[in-house]
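Chemist:
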Amino acid sequence: MNPMDPLAELRDIVTPTPPSAWPWAPGWWILLILGLSLISTSIWWLWRWQRRSHPRRLALKQLDQLQQQVADPQTLRQLSQLLREVALQVHPWEQVACLNGRRWLEFLDQTGDTTQFTQGTGQILSEGPYRPPQEPLSPQLFVLCREWIQLQNTASQLQKPKKLTLLN
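Just add 27 to the spot in the sequence shown (first one is 1) and you have my numbering.
1. Three or more beta-carbon pairs under 8 angstroms between the segment 168-179 and the segment 62-80, yes or no?
2. Whole angstroms is fine: what's the gap from I60's alpha carbon to A35's?
3. Buried or exposed for Q116, please, with buried defined as at least 16 other CB atoms from any protein chain shown within 10 angstroms of its CB.
4. In chain order, what residues of the same chain lie with their CB nearer than 6 angstroms to the CB of L178, ignoring the 5 residues before and after it?
5. Tell me the rounded alpha-carbon separation between S47 and W71.
6. Use the C-beta contact count for G149: other C-beta atoms within 10 angstroms, 16 or more gives buried, fewer gives exposed.
7. Are the CB atoms of L109 and T102 within a distance shorter than 7 angstroms?
8. Throw me the rounded Cβ distance for the P82 and V113 pair, which I believe falls under 8 angstroms.
9. Run the CB neighbour count on I66, radius 10 Å, all protein chains shown included, and call it buried at 16 or more, exposed below.
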């Protein structure tokens with residue numbers, strides 16, 4: 028070896044150990060927690076929406092079945108009953124249960140953002156059951172009822188039943 032040769036004094040490059048996958052850096056832990064919370068919140072929200080919109084979807088299916096029986100004299104009574112059941116599921120019982128006749132139609136107008144129940148095709152809901160069956164129900168009545176059912180937002184208006192307190 029030549030003492031004047033600087034290359035002879037060089038040694039091989041020592042490679043560092045590869046970075047370990049464990050333990051994770053704090054940023055990865057935060058990202059994992061945020062991701063899991065986002066997924067669980069989305070699943071919870073979807074489950075809640077599904078559960079609360081089920082009565083409305085079921086009512087729309089029943090409305091489709093009633094529309095197939097348009098010539099049946101009982102269809103009008105069943106249609107009015109369907110609207111009342113949806114209203115009882117969405118609105119407080121005290122607000123809906125005592126309504127009949129004109130007041131029932133006004134309630135439907137108010138909650139459906141329309142005037143078609145009191146001034147249009149919906150009038151037959153209060154008058155029809157007391158008249159002899161004359162002709163099949165109008166398709167506009169079914170469209171009106173479908174729009175009303177779709178406007179009933181069970182997710183935001185659903186009221187928990189109140190507990191009854193007995194007076195001594």
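Backbone N, C-alpha and C define an ideal beta-carbon position, used for all residues, glycine too. Fair warning: this is a prediction, and the values are worked out from it, not measured in the lab.
Modeler: Put simply:
1. In this structure the segment 168-179 does not touch the segment 62-80; the number of beta carbon pairs closer than 8 angstroms is below three.
2. If you draw a straight line from the Cα of I60 to the Cα of A35, it comes to about 54 angstroms.
3. By the neighbour-count rule (16 or more Cβ atoms within 10 Å), Q116 is buried.
4. Taken in chain order, the residues that qualify are G139.
5. Answer to the nearest angstrom: the Cα atoms are 35 angstroms apart.
6. G149 comes out buried.
7. Not a contact, by the Cβ cut-off of 7 angstroms.
8. Right, their Cβ atoms sit about 7 angstroms apart.
9. Around the beta-carbon of I66, fewer than 16 other beta-carbon atoms lie within 10 Å, marking it exposed.
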